[in-house]
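Student:
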Amino acid sequence: MSTNQELSIKGKLTLEDFKMYNTHHLKKTVRMYFIICFVAMFAIIHIPMSGDLFLIFIFAGIPSLIISSLLALFAKTVNKRRAIKEYKSDQLIKHEINYIFSHDGIHQKIRRSNNYYEWNDIQVAIEQKDMFLLYVSKNKAIVLPKSFFESSEKIDLFKKIISEYIETAKIKFY
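The following block contains the structure:
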């Protein structure tokens with residue numbers, strides 16, 4: 001069932017879009033960081049305690065939760081600052097980006113720079129509330145804010161094209 005349809009979209013990636021991408025990209029890392037910090041802090045705090053198990057959970061759990069939350073918030077802040085710094089240093093990302101999605105793959109054009117991705121280059125395709133992320137490696141993604149699409153019909157066509165040319169196991173759309 002080949003559609004042979006082509007979809008063309010364009011837009012400028014804003015600082016807010018880039019920060020949102022960074023948030024989505026690092027969400028699992030920050031969660032894991034929180035869990036590791038919580039477990040480590042709980043283990044450290046509860047060691048000298050003895051007595052009622054409930055009181056140990058209260059007196060070790062609450063400080064562990066507070067400290068872990070503060071450390072996770074710090075990690076989010078550092079990541080956000082890093083994203084801002086990266087966005088400001090990348091001059092190419094601030095220009096209008098044109099994308100053409102077809103049966104051949106993805107053609108990306110920024111000023112005079114042309115990139116071409118074949119469908120098997122895409123490691124995973126993820127839909128977030130506000131954007132699509134097409135990962136070409138573990139840490140590099142084609143960021144497509146939904147504002148790049150002029151209508152919901154174009155979003156539906158995009159999903160149809162992605163579903164046709166990328167393995168189902170690699171697609172995480174809702």
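Those letters in the sequence shown? Residues 1 to 174, by full-length UniProt numbering.
In this text, a Cβ means the ideal position worked out from N, Cα and C, and glycines have one as well.
1. Label ILE9 either buried or exposed according to how many other C-beta atoms from any shown protein chain fall within 10 Å of its C-beta, with 16 as the threshold for buried.
2. Quick check on the DSSP output: the alpha helix (DSSP H) that includes ILE58 runs from which residue to which?
3. Nearest by alpha-carbon distance to ILE36: which of SER147, ILE67 and ASN139 is it?
4. Have a look at GLN91, ALA72, PRO63 and PHE59 and flag the residue whose alpha-carbon is nearest the alpha-carbon of LYS28.
5. Output the boundary residues of the beta strand (DSSP E) element that contains TYR135.
6. If I'm right that residue 239 touches ILE162 with Cβ under 8 Å, what's the distance once you round it to whole angstroms?
7. What would DSSP say about HIS107, mapped onto helix, strand or coil?
8. Suppose you measure from the CA of LEU55 to the CA of ILE47; what does that come to, to the nearest Å?
9. So the candidates are THR168, LEU144 and LEU133; which of them puts its Cα closest to the Cα of HIS25?
10. To the nearest angstrom, how far is it from the Cα of GLY11 to the Cα of ALA43?
11. At the level of alpha carbons, what is the spacing between LEU70 and SER64?
12. Under 8 Å by Cβ, that's how I've got LYS80 and LYS19 pegged, so tell me the actual separation to the nearest angstrom.
13. For GLU96, which three-state DSSP category applies?
14. Distance check for VAL143 and TYR21, CA to CA, integer angstroms please.
Tutor: According to the structure shown:
1. Working through the sequence shown from its first residue, we reach residue 9 at position 9. Its Cβ being crowded by 16 or more others within 10 Å, ILE9 is buried.
2. By 1-based counting over the sequence shown, the position of residue 58 is 58. It spans 53-89 - the alpha helix (DSSP H) in which ILE58 sits, taken as one unbroken run.
3. The count along the sequence shown starts at 1 and reaches residue 36 at position 36. Nearest option by C-alpha distance: ILE67.
4. Position 28 of the sequence shown, counting from 1, holds the residue named residue 28. Out of GLN91, ALA72, PRO63 and PHE59, ALA72 has the C-alpha closest to the C-alpha of LYS28.
5. Taking the sequence shown and counting its residues from 1, the one referred to as residue 135 is at position 135. 131-135 is the extent of the beta strand (DSSP E) around TYR135.
6. Absent from the model: residue 239. The displayed extent of the chain is 1 to 174, so no value can be given.
7. Here residue 107 is taken as the residue at index 107 of the sequence shown, counted from 1. HIS107: strand per DSSP, three-state reduction.
8. Walking along the sequence shown from the start, residue 55 turns up at place 55. Walking along the sequence shown from the start, residue 47 turns up at place 47. For LEU55 and ILE47, the gap between their C-alpha atoms comes out near 13 Å.
9. Taking the sequence shown and counting its residues from 1, the one referred to as residue 25 is at position 25. Ranking the options by Cα distance to HIS25, first place goes to LEU133.
10. The residue you call residue 11 lines up with position 11 of the sequence shown. The residue you call residue 43 lines up with position 43 of the sequence shown. The alpha-carbon atoms of GLY11 and ALA43 are separated by roughly 49 Å.
11. Along the sequence shown, read from residue 1 onward, the residue named residue 70 stands at position 70. Along the sequence shown, read from residue 1 onward, the residue named residue 64 stands at position 64. Roughly 10 Å separates the two Cα atoms.
12. Reading the sequence shown from its first residue, position 80 is the one you call residue 80. Reading the sequence shown from its first residue, position 19 is the one you call residue 19. Yes, they are in contact, since the Cβ atoms of LYS80 and LYS19 sit about 6 Å apart, within 8 Å.
13. If you number the sequence shown from 1, residue 96 lands on position 96. In the structure shown, GLU96 sits in a strand (DSSP, three-state: E or B).
14. Counted from its first residue, the sequence shown places residue 21 at position 21. Counted from its first residue, the sequence shown places residue 143 at position 143. Cα-Cα distance, rounded: 7 Å.
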